[in-house]
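J.: To start, I am sharing the structure in question, which I have written as structure tokens.
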């Protein structure tokens, strides 16, 4: 365990107490942090710019922070292939929509669109084959996904095993179905990740929120790409600001900690 930082919580009990309400649209704090203080001592971890593992009182992992873990050449490759999604990303942002859902808000479109544009694309085995540019991106991502899968196997072996087992079973079922109807494609065969979905988010400051579908025993994985930015990943429940510069990876327990609220500095 790298550089453990202890928080005096029971993460399972914490997850049970959390209310998965929507964030305030103006970015202000909800009443949730004050309510949780009645049950748990306040954690104030401050700025974290080195590799670190945040754990609860029983040693269960809340967050694993791995800054600068990706090489410059890998970041450059990932930036290059993600730049190919620029137009697709820009199509997901409607600046005229004033009634957008909070998950569709907070995008900052660079002048003339910039290198990556702005927006969000969700990719999953069930439908990624529908878009040629996303299919090409995913194929070029495969070697990096192998690396991320290997790191996940070390950091979160239970998550790795769960994902690997689920996809192994899915592939068996898909191949069995393909024998009956060989004309149907089987995109799950080409899916490179042990996660069931990937999300590309470009040039967005997010609202502080929780992962409504998360499990306290599993993790979300965040990877920072781009160029020459000094983003921070703010975890409000922990009063922590993690260095989220290009090349950083962060694992966050699904419900154990408030998920990401980025701010560019």
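Residue numbers (my numbering): 72 to 336. We put the beta carbon where it would ideally sit given N, CA and C, even for glycine.
1. Cα separation between residue 191 and residue 159?
2. Less than 8 Å between the CB atoms is what I'm expecting for residue 310 and residue 114, so what's the real figure, rounded?
3. Taking just the CA atoms, how far does residue 85 sit from residue 419?
4. Any contact of the region 294-302 with the region 118-137, i.e. 3+ C-beta pairs under 8 Å?
5. To the nearest angstrom, report how far apart residue 206 and residue 262 are at their CA atoms.
6. Go to residue 85, then tell me how far its alpha helix (DSSP H) extends in each direction, as first and last residue.
7. Excluding the five sequence neighbours on either side, which residues of its own chain have a C-beta within less than 7 Å of the C-beta of residue 230, listed in chain order?
8. In whole angstroms, give me the CA-to-CA distance for residue 145 and residue 215.
9. Please tell me whether residue 156 and residue 204 are closer than 8 Å, where the distance is taken between their beta carbons.
10. CA-CA distance, residue 153 and residue 189?
11. Does the beta-carbon of residue 213 have 16 or more other beta-carbons within 10 angstroms, so that it is buried, or is it exposed?
12. Who pairs with residue 137 in a beta bridge, going by DSSP?
13. What first and last residue would you give for the alpha helix (DSSP H) that runs through residue 145?
14. Taking DSSP as the reference, what is the three-state secondary structure of residue 278?
15. When the distance is taken between beta carbons, is residue 75 closer than 8 Å to residue 126?
16. Can you look up residue 125 in the DSSP assignment and give me helix, strand or coil?
17. So residue 304 is in the alpha helix (DSSP H); what residue range does that whole segment cover?
18. Buried or exposed: residue 130, going by 16 or more other Cβ atoms within 10 Å of its Cβ?
19. For residue 176, which option in 324, 320, 275 has the closest C-alpha, if you only look at C-alpha atoms?
20. Determine which residues share a DSSP beta bridge with residue 291 and list them.
21. Around the Cβ of residue 73, are there at least 16 other Cβ atoms within 10 angstroms (buried) or fewer (exposed)?
22. Under three-state DSSP, which class holds residue 314?
23. Can you tell me whether residue 308 is buried or exposed, with buried defined as 16 or more other CB within 10 angstroms of its CB?
24. Are residue 315 and residue 135 close, meaning C-beta to C-beta below 8 Å?
25. Which residue's Cα is closest to the Cα of residue 185: 140, 273, 219?
T.: With the given structure in hand:
1. Indexing the chain shown from 1 puts residue 191 at position 120. Indexing the chain shown from 1 puts residue 159 at position 88. In a straight line, the C-alpha of residue 191 is about 9 Å away from that of residue 159.
2. Along the chain shown, one-based indexing puts residue 310 at 239. Along the chain shown, one-based indexing puts residue 114 at 43. Going by Cβ atoms, the distance from residue 310 to residue 114 rounds to 6 Å, so yes, they are a contact pair.
3. This structure does not reach residue 419, given that the chain is present from 72 up to 336, and the question cannot be answered.
4. no
5. As a position in the chain shown, residue 206 is number 135, starting the count at 1. As a position in the chain shown, residue 262 is number 191, starting the count at 1. Distance between the alpha carbons of residue 206 and residue 262 is about 10 Å.
6. The count along the chain shown starts at 1 and reaches residue 85 at position 14. Element bounds for residue 85: 82-88.
7. As a first step, residue 230 is located in the chain shown; it is residue number 159 there, counting from the start. Answer for residue 230: 223, 289, 290, listed in chain order.
8. As a first step, residue 145 is located in the chain shown; it is residue number 74 there, counting from the start. As a first step, residue 215 is located in the chain shown; it is residue number 144 there, counting from the start. For residue 145 and residue 215, the distance between alpha carbons rounds to 8 Å.
9. Within the chain shown, numbered from 1, the residue matching residue 156 stands at position 85. Within the chain shown, numbered from 1, the residue matching residue 204 stands at position 133. Taking 8 Å as the Cβ cut-off, residue 156 and residue 204 qualify as a contacting pair.
10. Here the question's residue 153 lines up with position 82 in the chain shown. Here the question's residue 189 lines up with position 118 in the chain shown. Taking the straight line from one Cα to the other gives about 11 Å.
11. Counting from 1 along the chain shown, the entry for residue 213 is found at position 142. Counting Cβ neighbours within 10 Å, residue 213 comes out exposed, since fewer than 16 surround it.
12. Stepping through the chain shown from its first residue, residue 137 is reached at position 66. Looking at the DSSP assignment, residue 137 forms a beta bridge with 320.
13. For the purposes of this step, residue 145 is identified with residue 74 of the chain shown, where counting begins at 1. Its alpha helix (DSSP H) spans residues 143-154.
14. Reading the chain shown from its first residue, position 207 is the one you call residue 278. In the structure shown, residue 278 falls within a coil segment according to DSSP collapsed to helix, strand and coil.
15. Here residue 126 refers to the residue found at position 55 of the chain shown. Here residue 75 refers to the residue found at position 4 of the chain shown. Cβ atoms of residue 126 and residue 75: closer than 8 Å.
16. By one-based count along the chain shown, residue 125 stands at place 54. Three-state result, residue 125: strand.
17. Locating residue 304 in the chain shown gives position 233, where the first residue counts as 1. Here residue 304 belongs to no alpha helix (DSSP H); instead the beta strand (DSSP E) covers 302-306.
18. The sequence position of residue 130 within the chain shown is 59, counting from 1. It is exposed - the Cβ of residue 130 has fewer than 16 other Cβ atoms within 10 Å.
19. Here residue 176 is taken as the residue at index 105 of the chain shown, counted from 1. When only C-alpha atoms are compared, the closest one is 275.
20. Within the chain shown, residue 291 is the residue found at index 220, counting from 1. Residue 291 is bridged to 323.
21. As a first step, residue 73 must be located in the chain shown, where it is residue number 2. So residue 73 counts as exposed.
22. As a working note, residue 314 is residue 243 in the chain shown. In this structure, residue 314 counts as strand in the three-state DSSP scheme.
23. Here the question's residue 308 lines up with position 237 in the chain shown. Buried: at least 16 other Cβ atoms inside 10 Å.
24. The count along the chain shown starts at 1 and reaches residue 315 at position 244. The count along the chain shown starts at 1 and reaches residue 135 at position 64. Not in contact: residue 315 and residue 135 (Cβ atoms no closer than 8 Å).
25. Locating residue 185 in the chain shown gives position 114, where the first residue counts as 1. Per the Cα distances, 273.
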